[in-house]
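Protein sequence lines correspond, in order, to chains A and B. Residue 127 in the numbering used here sits at position 127 of the first sequence; the count goes up by one each step and never skips. Residue 1229 in the numbering used here sits at position 229 of the second sequence; the count goes up by one each step and never skips. Notes follow once the structure below has been shown.
2 protein chains.
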Amino acid sequence: MNYSVRLQTLQNESLRSGFDALLINHLPNVRYLCGFTGSSGVLLLAASGSVFFTDGRYKEQAREEVKDAKVVIGHRSALASAAEWLGKRPNRPSSKSLKLGIEGEHLTVAEQRRLVSTLPKNMIVREAPPLTERARMIKDADEISLIRDAVNVGAGLLDYAIESIQLGKTEIEAAARMEFAAREAGADGMSFETIIASGARSALPHGQASNVPIGQGFVVCDFGVILHGYCSDRTRTVYVGSATKDARQIYSAVLEAQLAAIDAVRPGASVGSVDQAARKVLRKSSLAKYFTHSTGHGVGLEIHEAPRVAKGQPEILQPGMVITVEPGVYLPGKWGVRIEDMVVVTEHGCEVLDPTRKEFIVI
Amino acid sequence: MNYSVRLQTLQNESLRSGFDALLINHLPNVRYLCGFTGSSGVLLLAASGSVFFTDGRYKEQAREEVKDAKVVIGHRSALASAAEWLGKRPNRPSSKSLKLGIEGEHLTVAEQRRLVSTLPKNMIVREAPPLTERARMIKDADEISLIRDAVNVGAGLLDYAIESIQLGKTEIEAAARMEFAAREAGADGMSFETIIASGARSALPHGQASNVPIGQGFVVCDFGVILHGYCSDRTRTVYVGSATKDARQIYSAVLEAQLAAIDAVRPGASVGSVDQAARKVLRKSSLAKYFTHSTGHGVGLEIHEAPRVAKGQPEILQPGMVITVEPGVYLPGKWGVRIEDMVVVTEHGCEVLDPTRKEFIVI
């Protein structure tokens, strides 16, 4: 990862937005900008250079991981150390005030209060735009390679779910088996709580694995891993028992919608048009009203990041963006089907990162 | 759980602190007060009654789980729905302004900005004291019973770590085996990233399991589960290979410090005195300078919650508080030992919740 370029780019963006310095406290943003992977750290970007603050627990780790910013090990929280450091800086020769940008979506009201109380009077604290989040939307080659690795580990897990279903296990046992396999394959962990939703529970878009034995009907399996910090996310829906004609038709409609949405992913298209493409297919079979969530979201260091692939959203797709495409239909109390892949926007269209098949699987 | 009593108690506390209403957005606090277990919800406490806000995804779940508050399903985020609802309330007959308390440690700067922009002019937004966190410090009988269950599931996991070590597995493989067993035992998941730190890595207080094969020396195993929402947390340190006299002495010193700290846990004692009790023992063997973290923390719906059991902290222990007691000593680059139990403060002292032995285990 080229952290010095990332830091310089953000520093330029920050100046262009009218900020003299930026205080980054959202850990995925800190990691993106300087490589620190620990659980406590704050990064200050200023024209005079970048400074990374953490506490004694991370002394060795910070020195190993953070190369392009000065490292300050404090005795208090990372944010308190940063505030103290800013407070002690000699006043600039001019009486000009200094504008410090904070991450309004990530800094709490109490953190801001403590920060402001420590800073010199001529330092003004203001919410900065989400500059790092915007930079993170476009993945570079190193990131895409890591995401590809995470997707490949994730792709191997469905077989364990299928095996568990064949053995008559509960949802939670199937999830546990997948999670064990993920860890064996080197994953740091799962990127979110594994969803194994069977029978009527498949109609819950967020049906985390429960103690229910997996019975007849659709089983929505939505899962992902974190590998080297990057997340994967995928959904496959399988069918247990002898599938009715209805079930096959519903599955086909969702798959057709997903393929149409993938087909709509290309540079220059809006994310709203991708969402629209999926809904258009489902309208044909009168299933659109059961598609109750958005079509997808960005994925990277976080499982949900920009852009949101939702109705009417204007964000324009650009090469290097990695998003999920995951239409689903849910009939409350009855059944649900969702199919999801991660795709990367290329120069002329997109590439589906997930290598696995999407045919209707009956168990 | 008696949510109506919890809500009423907090409402009284809130009035006493000068707030007309409280907006609770920290999910563990929301769960504690009204039982909602989903990932998006906000609770408003007011004299006229409590109102819970969530979005369409949680419609059925909210109605099932939330009994003592009115449930409002919004089309936007839970917080936006709450703000909109507050904005639409008819002005009170008097021109008196209404003081709305927020959770300053949990609401972000941007969330507060959006909230304030939606509220009527006579509604003043101010940070409230951490009233729910303070209430949560004292666990009731239902909570202690759930915590006991979580501790018991956690206690069974060490055997899997030992088995993995005997089979020559890596740290991550041992962690994976424990996590699988936790899931099989019904855990929702682990309460934090499993720490299996062997050899020189045992000197890292937060040495998350890595790809290192487990070799000669101390192995710090620190792990916990979440069961029915409540966390467990425990540490055992075992020794691989033939233990030197030094190793046995260090282990004994840490165990003696831990037992002394447990002995200091009783109603009326300060948490600082518990921390002090552990340090005093370690000073005898000149190991106190290697005890680089605090002695413990509260555990409940969150893995780290109030009180902090640290040097000089004045919080007074009360019956029903559940804390960890976990002194450790670490010689950077060489070895580390930590021993941790969860204890509940009783009427006359404390009870160690963890049933497992703490003798020096050599593998």
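Just so you know, even glycine gets a beta-carbon here, dropped at the ideal spot from N, CA and C.
- Query: If the cut is a Cβ gap below 7 angstroms, which residues of chain B does residue 301 (chain A) touch?
  - Reply: One finds nothing in chain B with a Cβ atom closer than 7 angstroms to the Cβ of residue 301 (chain A); even the nearest lies about 16 angstroms away.
- Classify residue 214 (chain A) as helix, strand or coil using the three-state DSSP reduction. coil
- Task: Would you identify the three-state DSSP class for residue 266 (chain A), choosing helix, strand or coil?
- Result: coil
- Three-state class that DSSP yields for residue 1037 (chain B) in the structure shown: coil
- Given that residue 1184 (chain B) touches chain A, what residues does it touch there, using C-beta distances under 8 angstroms? 173 and 176
- Task: Under the assumption that residue 1136 (chain B) contacts residue 1300 (chain B) (Cβ atoms under 8 angstroms), give the Cβ distance between them as a whole number of angstroms.
- Result: 6 angstroms
- Residue span of the beta strand (DSSP E) that contains residue 1198 (chain B), given as start and end: 1195-1198
- Item | Start and end residues, beta strand (DSSP E) containing residue 1024 (chain B) | First-last of the beta strand (DSSP E) with residue 1024 (chain B): 1021-1024.
- Just the chain B side, please: which residues come within less than 8 angstroms of residue 112 (chain A) by C-beta, in chain order? 1109
- Rounded C-beta distance between residue 55 (chain A) and residue 4 (chain A)? I'm assuming under 8 angstroms. At roughly 25 angstroms, the Cβ-Cβ gap does not stay under 8 angstroms, so residue 55 (chain A) and residue 4 (chain A) are not in contact.
- Query: Does any C-beta atom of chain A lie closer than 8 angstroms to the C-beta of residue 1214 (chain B)?
  - Reply: no
- Assigned exposure category for residue 1035 (chain B) - 16 Cβ within 10 Å defines buried: buried
- Query: residue 211 (chain A) versus chain B: which residues are under 8 angstroms apart at the beta carbon?
  - Reply: 1186
- Message: For the pair the region 272-288 of chain A and the region 1024-1040 of chain B, tell me if three or more CB-CB distances fall below 8 angstroms.
- Response: no
- Verify the CB distance criterion: does residue 1348 (chain B) have a CB-CB separation below 8 angstroms to chain A? no
- Task: Counting only the same chain and skipping the five closest in sequence on each side, list residues whose C-beta sits under 8 angstroms from that of residue 258 (chain A).
- Result: 278, 325, 326, 327, 339, 340, 341 and 358
- What is the residue span of the beta strand (DSSP E) that residue 1123 (chain B) lies within? 1123-1127
- Beta carbon of residue 1150 (chain B), beta carbon of residue 1227 (chain B): below 8 angstroms? yes
- Message: To the nearest angstrom, how far is the alpha carbon of residue 1344 (chain B) from that of residue 1236 (chain B)?
- Response: 19 angstroms
- C-beta neighbour in chain A for residue 1297 (chain B), strict 8 angstroms: no
- Query: For residue 207 (chain A), which residues in chain D fall below 8 angstroms Cβ to Cβ?
  - Reply: You won't find chain D in this structure, because its protein chains are A and B.
- Query: If we ignore side chains and look at the alpha-carbon of each, how far apart do residue 1348 (chain B) and residue 1138 (chain B) end up?
  - Reply: Straight-line Cα distance between these residues: approximately 15 angstroms.
- Message: Can you tell me which residues form a DSSP beta bridge with residue 309 (chain A)?
- Response: Per DSSP, the beta-bridge partners of residue 309 (chain A) are A:296.
- Query: Who does residue 1070 (chain B) pair with in a DSSP beta bridge?
  - Reply: B:1051
- Query: On the three-state DSSP scale, how would you describe residue 1089 (chain B)?
  - Reply: Residue 1089 (chain B): coil per DSSP, three-state reduction.
- Using a Cβ-Cβ cut-off of 8 angstroms, state whether residue 104 (chain A) counts as contacting chain B. yes
- Item | Chain-ordered chain B contacts of residue 57 (chain A) [CB-CB under 9 angstroms] | 1204, 1205, 1206, 1292 and 1293
- Task: Name, please, each residue of chain B whose Cβ falls closer than 8 angstroms to the Cβ of residue 65 (chain A).
- Result: Per Cβ cutoff of 8 angstroms: no residues; residue 65 (chain A) is ~14 angstroms from chain B at best.
- Item | Cβ of residue 179 (chain A) within 8 angstroms of any chain B Cβ | yes
- Message: Counting only C-beta atoms, is residue 369 (chain A) closer than 8 angstroms to chain B at any point?
- Response: For residue 369 (chain A) there is no data in the structure shown, the boundaries of chain A being 1 and 363.
- So, is the C-beta of residue 163 (chain A) closer than 8 angstroms to a C-beta in chain B? So, not an interface residue.
- Residue closest to residue 1287 (chain B), alpha-carbon to alpha-carbon, out of B:1306, B:1250 and B:1158: B:1250
- Query: Below 8 angstroms between beta carbons: does that hold for residue 112 (chain A) and residue 1109 (chain B)?
  - Reply: yes
- Where the alpha helix (DSSP H) through residue 1059 (chain B) begins and ends: Per DSSP, residue 1059 (chain B) belongs to the alpha helix (DSSP H) from 1059-1065.
- Query: Taking the alpha-carbon positions, what's the residue 266 (chain A) to residue 346 (chain A) distance?
  - Reply: 7 angstroms
- Scan the region 152-181 of chain A and note each continuous alpha helix (DSSP H) run of 4 residues or more that stays entirely inside, going in chain order. If we require 4 residues or more, the alpha helix (DSSP H) runs fully inside the region 152-181 of chain A come out as 158-166.
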